[in-house]
Amino acid sequence: MTMKTMGRAGLRGLVALTLAMTVAGLVQAQGAAAASDKAAAAKQPLALADYLRPAQYARPQLSPDGTKLAVLAPVGDKRNLVVMDVATMKVLQHSSFSTFDVINFTWIGSDWIWFTQGRIDTPTGPDSADGGGEFVTKADGSKVITLMANARDQARDGQRRLRGMSLAARGKGKSEIVVFSNQRSAESQDVISINLDTNERVMLTPQHPGEVQDWVLDQDGIPRVAVLGTKKDEALPPEQRFTRIVIRDKVDGEWREIAKFSQTSGARWMPMAFAPNNRDLIVSYRGDRDTTALYRFDTTKGELAEQIAGNPRYDLGVTENVGGATLLRRDRKVVGFRFDDETQQTAYFDEGMARRQAMLEKSFPGMAVSVQDTDSNLALVAVQSDRSAPVYYLFDQERKSMRELLRASEKLDERNLVAMRPFLLKTRDGLEIPSYYFLPASYKPGQKLPVVVHIHGGPFARADVWGTQTFGAREAQLLASRGYAVVLPNFRITPGFGQKIYRAGFGEYGRKMSEDHEDAAKWAVAEGFADPKRICIGGASYGGAAALWATIKSADVFACAIAGAAPSDPRIQNTSTQTDYAGSEGGVAHWKRVLGVKGDDWSPADEVAPARHADRSRIPLFIYSGQDDQRVPIEQTRLMVDALKKAGKPPEMVMIKEGEGHGYGKLENNIDLYTEMLKFLERHIGVGPTPGTGVAAETPAAAAAK
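Residue numbers for the sequence shown follow the working numbering, beginning at 4 and rising by one.
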């Protein structure tokens, strides 16, 4: 990564040394405790529940005054919002939602908390599509306000075009927020100020400069940049859809255009925030690069200026949910950014903050460290890695002391987790795609292991990043604890790795995308740890669809397949009234481009639809889904099961859980799922090598065939 710093001088060396010694001592004490347990832990893996239960605490945030801590924690079957007193760590209040999880939240002053709902356990991470809605609650629980009904309630009330709302910024007052919303017009975003004490709403954008897709607020909370679309059919291809960017110099100033380009233009850039001078912009721009980078845009000259940061393999200027740069702010000012490469990087423009970050990273070697500042001298420090669930510390910056507040898990640490190893997947047509693999702790060089190739969902999502908290990493750690090696390949169309990899997937669903999955298996064989006859493919959502198609296309590579929440017929998936996004013209148009469908000719999709070719299925199959899934409706599972039965090739195992959606949220259902999954894997690819020989153990299925 290239990085240029801006800002003022920071901490003094003596202060840095004092803090480093304090934290290092804490780390050493923890390391000694972990070492004493290693031998015992190695003899017996953790129970399935320890890998599968949701984090005890997730995403904690200190109130601006540093006196209260809000955090997500399991309450009943769902992730709810819990508020604690920092001094005593006693619970002050908690929500008790039973239908949806709390997904995101943030403090508004020190008395109010904004939050939204959704499903936390989908294959691609937290998703608000079926939940959503915008809410605020008093920190003491005395009042809850619904700012925007969730998607399910809107649909139930007959709303044809769903309305949305998102938090843009804290307002000027302690009880004021600024939100983006298409409540007035489904086609355009407004900026609205809301006083939470009085529920008074003030439209900050009474007149639109056009059809606004997005706004950028300056450091005073004024909407001064608008990203405009054109009023045309959403189904038009990207090269025929244009974006305009306009700016004004003050709240009542005239709008002036500073850019116009098609969505496929190499000159395309997107504004992310105002620069520290509150005049220029921080923008994402690719130009003649393959990956997007962060640049300064000079609004006076109307031209791109210097590059702020860039990486040759990873996009920095895309949205957070694909591993792109997350801008770090304080008092509405951008002070740095965080992004996921093969691990995680944090960089600050402010030199003092940069020194503090370097100091903490030195004190926690091999760990990812993030800091949340408050208006007080207190900060919250989160420390995590691929072998340690997050641990959260209260950092008193005046006293230079830290104390542990919370642990996401008491058991998921280096005693029971293995390394998440990065590698480059080199595809048969020359792409190099960053990916990961896991080896069980008992692995010895030369051994040939059973392998699970786990395909992520989306497919246009970077679902797995370094750490312990993604769907793929969680499954991989569980399987590794039982003796399996696991490969988590990314593949063409996965965003975040540049345009070449992303664009190479369009029209290649079931074709070159599936070849990438095969290449991941062949890579593991070439590396020497995989038994070529004992490789299973698995995944959920798109990963489940890939597993279904592998039973037909790739039966010479894989010995079995596990398909969760799997679309089996993409034509029906994109036209059924039961699918939650099928009513979105733009969403379906995007999927058509992925599938290679032009106009109403669905034949390219039908050619790679597992349910339409079930008679060609050749390897054992385990299918699981949720009865209430709205992203991939249960009809998709029934189509596949019925087609296999008709062909005389019924799936070996079908698991459907009531009350579950796109991914299992209940612990007991996940335990049941992985109990049966492990039995399925043992039947078809066995567990571990023959002890001491490096020769693969014979699978029960192979033994039975003799």
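Heads up, the beta-carbon is just placed ideally off N, CA and C, and yes, glycines get one too.
Other residues of its chain near V690: CB distance less than 6 angstroms, five sequence neighbours each side excluded: Result list for V690: G486, in chain order.
Bridge-paired residues (DSSP) for L363: DSSP lists no partner for L363.
CB of A608 within 8 angstroms of CB of R574, strictly: For A608 and R574, yes; Cβs fall inside 8 angstroms.
Whole-angstrom C-beta distance between A142 and S113, which should lie under 8 angstroms: Rounded to the nearest angstrom, the Cβ distance from S113 to A142 is 7 angstroms, consistent with a contact under 8 angstroms.
Y298 to N280 span [Cα, whole Å]: Roughly 14 angstroms between the two C-alpha positions.
Status (buried if at least 16 other CB within 10 Å, exposed otherwise) for D618: D618 is classed as exposed because its beta carbon has fewer than 16 other beta carbons within 10 Å across all chains shown.
Residue from Y288, E413, E588 and R333 with nearest C-alpha to A312: Comparing alpha carbon positions, the residue from Y288, E413, E588 and R333 closest to A312 is Y288.
Coil, strand or helix - N314 by DSSP: Of the three classes helix, strand and coil, the one that applies to N314 here is coil, per DSSP.
4-residue-minimum alpha helix (DSSP H) runs that sit fully inside the segment 598 to 677, ordered along the chain: As far as the segment 598 to 677 is concerned, its whole alpha helix (DSSP H) runs of at least 4 residues are 606 to 609 and 637 to 649.
CB of K648 within 8 angstroms of CB of D534, strictly: For K648 and D534, no; Cβs fall outside 8 angstroms.
Secondary structure of R187, DSSP reduced to three states: In the three-state reduction of the DSSP assignment, R187 falls in the strand class, which pools E and B.
Touching by the beta-carbon criterion (3+ pairs, under 8 angstroms), the segment 587 to 596 and the segment 631 to 645: Three or more beta-carbon pairs separated by less than 8 angstroms are not found between the segment 587 to 596 and the segment 631 to 645, which leaves the two stretches without contact.
Contact belief for F398 with V384 at Cβ below 8 angstroms, rounded distance in angstroms: Their Cβ separation, rounded to whole angstroms, is 5 angstroms, which keeps F398 and V384 in contact under 8 angstroms.
Test item: CB-CB of G121 and D104 under 8 angstroms: Contact flag set, yes.
Anticipated Cβ contact below 8 angstroms, Q472 with R335, distance rounded: About 28 angstroms; that fails the 8 angstroms criterion.
Every unbroken beta strand (DSSP E) inside the segment 80 to 153 [3 residues or more]: Taking 3 residues as the shortest admissible run, the segment 80 to 153 contains the following complete beta strand (DSSP E) segments, listed from N- to C-terminal end: 81 to 88, 94 to 97, 104 to 111, 115 to 122, 130 to 141 and 147 to 151.
Buried versus exposed, by CB contacts within 10 Å (16 or more), N202: Result: exposed.
Residue burial classification, T580 (beta-carbon count within 10 angstroms, cutoff 16): Exposed, by the Cβ-count rule.
Burial state of K447 (16 or more Cβ within 10 Å): Counting of Cβ neighbours within 10 angstroms places K447 among the exposed residues, the total staying below 16.
Stretch pair the segment 490 to 503 + the segment 512 to 531: three plus CB contacts closer than 8 angstroms: Judged by Cβ distances under 8 angstroms, the segment 490 to 503 makes contact with the segment 512 to 531, as three or more pairs qualify.
Extent of the continuous beta strand (DSSP E) run through Q216: Counting along the chain, the beta strand (DSSP E) containing Q216 begins and ends at E214 to L220.
Collapsed DSSP secondary structure at S445 in the structure displayed: Looking at S445 - three-state DSSP - the assignment turns out to be coil, as it is neither helix nor strand.
Beta-carbon proximity check, A523 vs S438, cutoff 8 angstroms: Their beta carbons are under 8 angstroms apart, which means A523 touches S438 by this criterion.
For N198, the residue or residues it bridges with in DSSP: Paired residue(s): E179 and E203.
The segment 164 to 177 touching the segment 185 to 201, judged by at least three CB pairs closer than 8 angstroms: Counting C-beta pairs with one atom in each stretch, the segment 164 to 177 and the segment 185 to 201 have three or more that are closer than 8 angstroms, which means they touch.
A476 versus V455, S571 and D583, residue with shortest Cα-Cα distance: Nearest of V455, S571 and D583 to A476, Cα basis: V455.
Beta-carbon separation (whole angstroms), Y317 vs T294, contact threshold 8 angstroms: Beta-carbon to beta-carbon, Y317 and T294 are separated by about 6 angstroms, close enough to satisfy the 8 angstroms threshold.
Span separating the alpha-carbon of A1 from that of K365: No answer is possible for residue 1: the residues shown for the chain start at 4 and end at 709.
Closest residue to V394 among A411, L624 and F100 (Cα-Cα distance): Proximity to V394 across A411, L624 and F100 peaks at A411, based on C-alpha coordinates.
Cross-strand partners of K263 (DSSP beta bridge): In the DSSP output, where bridge partners are listed per residue, K263 has R247.
Helix, strand or coil at Q375 according to DSSP, with G and I counted as helix: Three-state DSSP puts Q375 in a strand.
Own chain partners of A488 with C-beta closer than 6 angstroms, once the 5 adjacent residues on each side are dropped: The answer, listed in chain order, is L442, L452, V454 and F532.
Inter-residue Cα distance where the pair is N380 and F463: One C-alpha to the other measures close to 41 angstroms.
P573 (DSSP reduced to helix, strand or coil): Note: P573 maps to helix in three-state DSSP.
Bridge partner(s) assigned by DSSP for S287: Beta-bridge pairing links S287 to M273 and L297.
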